[in-house]
Structure formats: C-alpha cells, structure tokens
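Those protein sequence lines, which keep their order, are chains A and B.
Okay, so the first sequence: first residue is 65 according to this note's numbering, each after it adds one.
Okay, so the second sequence: first residue is 65 according to this note's numbering, each after it adds one.
All residues carry an ideal CB built from backbone N, CA and C; glycine is no exception.
2 protein chains.
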Amino acid sequence: MQIAILLFDRFTALDVVGPYDVLSHLPGAETVLVAEHPGPVTNEVGSLRLVADATLADVPCPDIVLVPGGPGQTAHMDDGPIRQWLRKADSHTAWTASVCTGSLLLAAAGLLKGRRATTHWLAADQLAPFGVIPAADRVVFDGKYVTAAGVSAGLDMALALAGRIAGDTVAQTIQLAHEYDPQPPYQAGSPATAPGGIVDTLRSRSHLILQ
Amino acid sequence: MQIAILLFDRFTALDVVGPYDVLSHLPGAETVLVAEHPGPVTNEVGSLRLVADATLADVPCPDIVLVPGGPGQTAHMDDGPIRQWLRKADSHTAWTASVCTGSLLLAAAGLLKGRRATTHWLAADQLAPFGVIPAADRVVFDGKYVTAAGVSAGLDMALALAGRIAGDTVAQTIQLAHEYDPQPPYQAGSPATAPGGIVDTLRSRSHLILQ
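In structure tokens form, the structure reads like this:
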C-alpha cells in the first residue's frame, strides 16, 4: 500500500506529519514524500525542511494520495505539474485525501466536483466556485475522497481513514501508541468556541495565513 | 527568542512537528532544528527526513530547548555529545521541554532530579530511577521544565507553554489558526479509555516502540 504525501514550498508541517505519523504505522504501508523536485522542501515558516524522496514522476500510481495545505498551495492552483500529477494519481487511488487548504488543490484539479468537502475555516468560501459542496465538519468522507479541516484536523482524519482501511482495532492501537487523548489548555480551536476578538483578528489576517 | 529542537536518528516526527508548528508562530520566535551533524535526520519509521540546519555547537545558548522522543533516544542515554549539550544549553534556557520519551533524555542528563515529569505511558516506570517524580498527567510544569506525555501530547504542551510565554490571547490565536478542536474518532488515546486488549497488545510490544 503506497501512500504518497505531496510537498510543495510553503506547506504547513503539521498537515503533513499528523497524518504521516498515523498512516505510516498501518500494516503494509509504504509512505513516500513526493514533490516536483527531490530534496529538501521548506515550510511556510521557513525554518523547517522535509526531504522529498521522490519526484511526481517516480510515483505515478499510489494507492493513497494525501495533499497538505499551507500558503504555498496557491502557487499550484492553476494547471501545472502538480495538478496534472494529482489527476493521474487519483485515477489509481483507493483513497484521495487532503488536510486544510489541500482540499482547494484537489478542487482546482476537478476531483471534488459535486462532492462534499471541508477545508480550513478561513477558506470555507473557496470551495463552492469549484463545484464542491462545502461542509463545516472536521472530517468529511465522500466516496474515496476524504478531506480534513484546518491543520490539526489531519490527525482525526488519518485515524478515521486508518479505521476504514485496516479496521477499528488497528486504528485504536495507533491512537493509543500516539497517546492521542487530546486535552487542549484552551477551548479556542474553532470559530464557534474561540473568543470573538480572536476570530476577528484571524479573519483580518486571513490573506497572510492562506496565501 | 531562539527555540532549539533536537533531532536524532529514529526520532518520532510528530513529537517534533506538533510543538514546532505551535511555538514557531510565537512573536519573535526563531526556531532551529539541531542535531549532532547537519543535514537530513531520519525518523523511526525510516520514510521521513527532517533537515537539521545547525549542529549542537552552533546553538550553545537557546532560550528554549525541546527534546522529542522516539526509539532513537535510547542511543543517547549514556553520556555523550547530546547529554553534554543538553546540560550546557539548559543552563541558559528560560524553558526546557520534552515530548514523549524525550523526558528520559532530560532525566538521564540529570536535569529532572527531584522534579515532577511525565513521559509516554509505556515508559512511565523509567523516570524514577533518575530521581524523577513520575506524574501521569498529560502535561507537567515544574519550574522551567515542562514535559508532555506520548507523541500527540506535545501539541497540548506547546499551547500551554505558548500561553505562559506570550499570554492566553496569543496561544488561543495559534490554536484557532491551527483549528485545534480535536475530535478523535475513537476514545482509545489513553490506557484508561482504550479497550483492554489493545493496552495489552502495546505492552507486549513496548520494547519495539520504545527502543
């Protein structure tokens, strides 16, 4: 079971590593980080680099594709190597997944037309123009497509996907090995629960966060 | 504010990237991944490489040190370059932090003697021999030392630490930007809530997970 995780300049690191650390522990999983060019790829902050071990051409037929988000995805919304690879790879996948604004890339590639999908709450209005039915849920399954809300939602998505692929016991074993019993010190993780002033602050900075 | 995150062969990726993605968004933060040697460092699964941009010697006086866990930490429990760096760096830090079995490295370096600390639940009995008072909490503050339980607990630790450093509003803003409103699909994240059979399975494999 080959799992291809896409990297591009200015990706969000946790979008990649949350799902990676769950899915790479599935029995039989072979996880590969892919990018247009092999070698280090720098995240949105600029101080973290993950190594892409394969080019897009090296991984034409993955079983699972996972697309992270991050401001750098905006550079690949127009047609180009990444969109072309996504379309070809998707024609082979058992599951095509995204975290955060990664779903906008899937949508731009035409893969989510007529399907329900989610994304980072600040980007919620950017799905409909691609013919996607926007959903406010944290994790959305529609056929073989599974999308997660912002950044940390990739962990919940990956555990749910692990359960569909390998069964509840395997997914729960991974959850316990990762001690994923979240206890956030604040209840500010969604616009519904965060203080209004903080929601407003982030809305006013959304162009910085998303682009 | 320089934040040094330690890498070593066979680290756990989420131990690094969970806290990284929180702390690197603090105002004035300069985050640097450090290792004995610069260049790519491979995680425990073997399919993910993070680039160390600095050697231990390059970062002698960080403001914050963060030590991840992972089976590779066992190679550094005896005295050597990493323990020596930890002791020197700690003499300068405002905060010294760990995730998962990273606390065993801090303990082995003598930094947690007489202090309360936590670690991965499978390693809970390994703190006391170093004179540490083991705590079962998910995040433990004792003076400038803050330790997190297994893997995903690094996210909760980093948000709590962000609050202490920069105040609740900044920490909550980071939480909302990361949409950290966890909704695990299972309630199997701690030995207290996971099915007993899964707890037993992991206990029987603990040598594989921890070493």
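With a threshold of 16 other beta carbon atoms within 10 Å, A:Q239 meets it and is buried. One finds L223, G227, D232, A235, Q236, Q239 in chain A with Cβ atoms closer than 8 Å to the Cβ of B:Y250, taken in chain order.
Per the DSSP secondary-structure output, A:T211 pairs in a beta bridge with A:S162, A:V204. With a threshold of 7 Å between beta carbons, A:E243 makes contact with chain B. At least one CB of chain A lies nearer than 7 Å to the CB of B:R113. Taken atom to atom, the span from the alpha-carbon of A:P246 to that of A:S155 is near 36 Å. A straight-line Cα-Cα distance of about 31 Å links A:V81 and B:V196.
In the three-state scheme derived from DSSP, where H, G and I count as helix and E and B as strand, B:V115 is classed as strand. In the displayed model, A:L170 falls within a helix according to three-state DSSP. Distance from the CA of B:R151 to the CA of B:P135, rounded to the nearest whole angstrom, comes to 21 Å. Within the region 183-202 of chain B, contact with chain A at the beta-carbon level (separation under 7 Å) is assigned to H184, W185, R202. It is roughly 30 Å from the alpha-carbon of A:A256 to the alpha-carbon of A:G174. In the DSSP secondary-structure assignment, B:T95 is bridged to B:I67. Fully contained in the region 219-269 of chain A are the following alpha helix (DSSP H) runs of length 4 or more, in chain order: 232-241, 260-268. Beta-bridge annotation (DSSP): A:G103 is paired with A:A116. Residue contact check for A:V123 against chain B: no CB pair falls below 7 Å. Cβ neighbours of B:I262 within its own chain (closer than 7 Å, five residues either side excluded): A252.
Taking C-alpha positions only, B:I67 is separated from B:G207 by approximately 18 Å.
The alpha-carbon of B:L225 is positioned some 20 Å away from that of A:S111. Take A:D220, set aside five residues on each side of it, and the residues of its chain with a beta-carbon closer than 8 Å to its own are R202, V203, A212, in chain order.
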